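In the numbering used here, the protein residues as written are 2 to 258.
Below you can see the structure in the form of structure tokens.
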């Protein structure tokens, strides 16, 4: 945590997006007192928490996921943030991979019940553009299934492109509920069956980041633009020249420009 805060302060990063159950210091089993101490430490260093990245993935009605939702809501209250990132659908690495069909009705039922739980904590679910729900069009249809009070959208700017939806299309679908934006860069693999693009340093891929940021800002969006650096999952983001402190510095300079 101290290392993360240090590099963020050096590059004038205003907030941290914390991936839960990923670091020893982001375990949901840690005590409330531990998270209160974390909040005090972040305040002392003029850092905020933008949201919590949960490990919740909904592709059916999943009663067990409510436990993590409640615990992450409690932690969010302590850290003074509202957003709980979740994903929906099934993860697949290749378009040809056989995955189960999403139980759409079950997933909607889960969201409706989750919406009531969120009301108790004054937190929100932020559904990320991901997998079968990568397109803004699909997420807009999902939110139209019910009059949700506490469910919003997180736009990862690469995933809709991977699924063939262009940025202006995505923005048109998500802008009314857009609360957070993930920034990353990359380009398609030579293998067209790969469902995700190859990640690159910011500014070195084919994602039109500047145009997307300008477009989102012009729409009235006033949330964070968050660097999502998936070094833990992406082998192409490892090795010399891809050190995290260097990437955060490059990101900050790119966004300033």
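Ideal Cβ positions, reconstructed from N, Cα and C, are used throughout, including at glycine.
Model, not experiment: these values are computed from the prediction.
What span of residues does the beta strand (DSSP E) with residue i cover, start to end?
{"i": "residue 187", "result": "186-188"}
{"i": "residue 200", "result": "199-201"}
{"i": "residue 114", "result": "Counting along the chain, residue 114 falls outside any beta strand (DSSP E), though it belongs to the alpha helix (DSSP H) covering 105-122."}
{"i": "residue 89", "result": "84-89"}
{"i": "residue 157", "result": "152-157"}
If you compare alpha carbons, which of the options is closest to residue i?
{"i": "residue 174", "options": "183, 109, 155, 185", "result": "155"}
{"i": "residue 94", "options": "255, 244, 256, 234", "result": "234"}
{"i": "residue 199", "options": "189, 193, 208", "result": "189"}
{"i": "residue 192", "options": "177, 213, 204, 163", "result": "163"}
{"i": "residue 11", "options": "129, 184, 39, 46", "result": "46"}
{"i": "residue 74", "options": "117, 38, 92", "result": "117"}
{"i": "residue 119", "options": "133, 137, 92, 69", "result": "69"}
{"i": "residue 228", "options": "239, 220, 250, 137", "result": "250"}
Output the distance between the C-alpha atoms of residue i and residue j, rounded to the nearest integer angstrom.
{"i": "residue 22", "j": "residue 55", "result": "8 Å"}
{"i": "residue 151", "j": "residue 90", "result": "20 Å"}
{"i": "residue 87", "j": "residue 67", "result": "12 Å"}
{"i": "residue 97", "j": "residue 187", "result": "21 Å"}
{"i": "residue 241", "j": "residue 145", "result": "46 Å"}
{"i": "residue 218", "j": "residue 157", "result": "15 Å"}
{"i": "residue 80", "j": "residue 41", "result": "9 Å"}
{"i": "residue 170", "j": "residue 121", "result": "34 Å"}
{"i": "residue 244", "j": "residue 110", "result": "42 Å"}
{"i": "residue 194", "j": "residue 180", "result": "31 Å"}
{"i": "residue 210", "j": "residue 130", "result": "16 Å"}
{"i": "residue 105", "j": "residue 9", "result": "39 Å"}
{"i": "residue 77", "j": "residue 20", "result": "12 Å"}
{"i": "residue 239", "j": "residue 214", "result": "26 Å"}
{"i": "residue 139", "j": "residue 128", "result": "12 Å"}
{"i": "residue 126", "j": "residue 51", "result": "13 Å"}
{"i": "residue 34", "j": "residue 4", "result": "21 Å"}
Give the secondary structure of residue i by DSSP, where H, G and I count as helix, E and B as strand, and everything else as coil.
{"i": "residue 232", "result": "coil"}
{"i": "residue 18", "result": "strand"}
{"i": "residue 143", "result": "helix"}
{"i": "residue 285", "result": "Outside the shown range of the chain, which is 2 to 258, sits residue 285, and nothing can be said about it."}
{"i": "residue 227", "result": "strand"}
{"i": "residue 96", "result": "coil"}
{"i": "residue 133", "result": "coil"}
{"i": "residue 207", "result": "coil"}
{"i": "residue 148", "result": "coil"}
{"i": "residue 125", "result": "strand"}
Tell me the residue span of the alpha helix (DSSP H) that contains residue i.
{"i": "residue 4", "result": "3-11"}
{"i": "residue 48", "result": "It is not in any alpha helix (DSSP H) - residue 48 carries neither H nor E in the DSSP assignment."}
{"i": "residue 256", "result": "245-257"}
{"i": "residue 212", "result": "210-219"}
{"i": "residue 72", "result": "66-80"}
{"i": "residue 28", "result": "Neither: residue 28 is in no alpha helix (DSSP H) and is coded neither H nor E."}
{"i": "residue 173", "result": "168-175"}
Determine the burial state of residue i: buried for a count of at least 16 other Cβ atoms within 10 Å of its Cβ, exposed for fewer.
{"i": "residue 26", "result": "exposed"}
{"i": "residue 208", "result": "buried"}
{"i": "residue 160", "result": "buried"}
{"i": "residue 258", "result": "exposed"}
{"i": "residue 236", "result": "exposed"}
{"i": "residue 7", "result": "exposed"}
{"i": "residue 142", "result": "exposed"}
{"i": "residue 30", "result": "exposed"}
{"i": "residue 168", "result": "buried"}
{"i": "residue 83", "result": "buried"}
{"i": "residue 115", "result": "buried"}
{"i": "residue 99", "result": "exposed"}
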